[in-house]
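Here is the structure we will look at.
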Amino acid sequence: MIAHGFTGDADRPHVRRVAQVFARYGAVVTFSFRGHGRSGGRSTVGDREVLDLAAAVAWARALGHTRVITVGFSMGGSVVLRHAALHAGDVDAVVSVSAPARWFYRGTAPMRRLHWLVTRPSGRLVGRYGLRTRIHHRQWDPVPLSPTEAVPRIAPTPLLVVHGDQDAYFPLDHPRMLADAAGEHGELWVEHGMGHAENAAPEPLLRRIGDWAVARAG
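Heads up, the sequence shown is in the working numbering, so the first residue is 307 and it goes up one at a time.
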């Protein structure tokens, strides 16, 4: 189950590339979060997207899949963490790639641009017409459980946190916070030379993730 990043969707080439690699390990389900691509509604930038993932996981189970592994990138990485925490037992393993550890981070230029995109009317217009992403104008109320707060609730489900040491969005304190919160139930891979999310994940890394997921999910 692939959960794409913000402004991505199931039809993007980088999402399709990830799906093609993971298809060597089993059936792959891709979908577009609300407000992205051809999906209806408006993006809440990781909040109510947990419901979208829950519906996709339930659909996969209804198809007869007895093992479900969620792999999320960036925003999708935060979603798979919160989904696993809030829906205990729904998945058999969780992989979070390039995810934030905490909300409202503005410490890098790309994240400052993202906040402009989300919070300003002009930014939301750019999102709608330039990035095929329709963003909800309402602020979070209440603020959802943060990824770091969610991680301890995932145990004993196996958890893998993957992050590039050249990620321009979230520096390495983010994955380290997630790994610390996971304790012995989580595993951290810091990838040398890797940037951010699906576009930056090389095929050898995706194959290693596939190997890990199959081994942990049984």
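Glycine included, C-beta positions come from ideal geometry on N, C-alpha and C.
This one's a predicted model, so the numbers in the text were calculated from it and none came from an experiment.
Alpha helix (DSSP H) runs contained entirely in the region 463-488, provided each spans 4 or more residues: 479-488
Contact check, Ala366 vs Val385, beta carbons under 8 Å: Here the question's residue 366 lines up with position 60 in the sequence shown. Here the question's residue 385 lines up with position 79 in the sequence shown. For Ala366 and Val385, no; Cβs fall outside 8 Å.
In DSSP terms, what Val400 is bridged to: For the purposes of this step, residue 400 is taken as residue 94 along the sequence shown, with counting starting at 1. Paired residues: Thr376 and Leu465.
Reference Leu387; option with closest CA among Glu509, Ala488, Ala521 and Ala519: Indexing the sequence shown from 1 puts residue 387 at position 81. The residue with the shortest Cα to Cα distance from Leu387 is Ala488.
Residue interval of the alpha helix (DSSP H) (run including Leu431): By one-based count along the sequence shown, residue 431 stands at place 125. Its alpha helix (DSSP H) spans residues Pro427 to Gly436.
Same chain only: Cβ atoms within 6 Å of Asp315, ignoring 5 sequence neighbours per side: For the purposes of this step, residue 315 is taken as the residue at position 9 of the sequence shown. These residues qualify, in order along the chain: Ser338, His342 and Gly343.
Reduced DSSP secondary structure (H/G/I, E/B, other) of Ser452: Stepping through the sequence shown from its first residue, residue 452 is reached at position 146. Three-state result, Ser452: coil.
Leu484 and Val496 closer than 8 Å at C-beta: As a first step, residue 484 must be located in the sequence shown, where it is residue number 178. As a first step, residue 496 must be located in the sequence shown, where it is residue number 190. Cβ distance not < 8 Å, so Leu484 and Val496 don't count as in contact.
Close beta carbons around Val432, own chain, < 8 Å, minus the five adjacent residues each side: To locate residue 432, count along the sequence shown from 1; it is residue 126. Same-chain partners within the cutoff: Leu423.
Anticipated Cβ contact below 8 Å, Val397 with Thr454, distance rounded: The residue given as residue 397 occupies position 91 in the sequence shown. The residue given as residue 454 occupies position 148 in the sequence shown. With a Cβ gap of about 19 Å, Val397 and Thr454 do not count as contacting.
Nearest-angstrom Cβ-Cβ length linking Val351 and Gly383, presumed shorter than 8 Å: Within the sequence shown, residue 351 is the residue found at index 45, counting from 1. Within the sequence shown, residue 383 is the residue found at index 77, counting from 1. Your pair Val351 and Gly383 does not check out as a contact, with CB atoms roughly 13 Å apart and the cut at 8 Å.
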